[in-house]
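Colleague: One structure, as structure tokens, below. Some questions next.
Numbering (UniProt numbering), first residue to last: 1 to 111.
Structure, rendered in structure tokens:
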């Protein structure tokens, strides 16, 4: 079971990680080079996977809808960041995370 321990800390910011490879992947963001450009809007990214996530935002409607303001999101990460930083819908956010944890536990333990 997940203990909540995050032993790998970034030297450049206050982020911590459960796995060393996540810290290594994160450290690329501090390098300052953004070599992956979106062809549609010109926004640049330091990691290719972030460019792929961003590209989904240009495709239109998304499956994640904020029940506070009605905005929809294609990428789950952007949806969760919106809930925390913009609408601050803590009840909806905690319900969403509990559901995710429950489903994850179910699929891991009852294949």
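By construction, the Cβ of each residue, glycine as well, lies at the ideal position given by its N, Cα and C atoms.
1) Sort out for me which residues DSSP pairs residue 65 with in a bridge.
2) By Cβ distance, which residues of its chain are closer than 6 Å to residue 44, with the 5 residues on each side in sequence left out?
3) Tell me which residues share the same chain as residue 54 and place their Cβ nearer than 7 Å to its Cβ, disregarding the 5 neighbours each side in the sequence.
4) By Cβ distance, which residues of its chain are closer than 8 Å to residue 12, with the 5 residues on each side in sequence left out?
5) Return the first residue and the last residue of the alpha helix (DSSP H) that residue 5 is part of.
Modeller: The relevant details are as follows:
1) DSSP, once it has assigned bridges, lists 72 as partnering residue 65.
2) These residues qualify, in order along the chain: 34, 37.
3) 38, 43, 45
4) Excluding sequence neighbours, residue 12 sits near 27, 30.
5) Unbroken run through residue 5: none, as it is neither H nor E.
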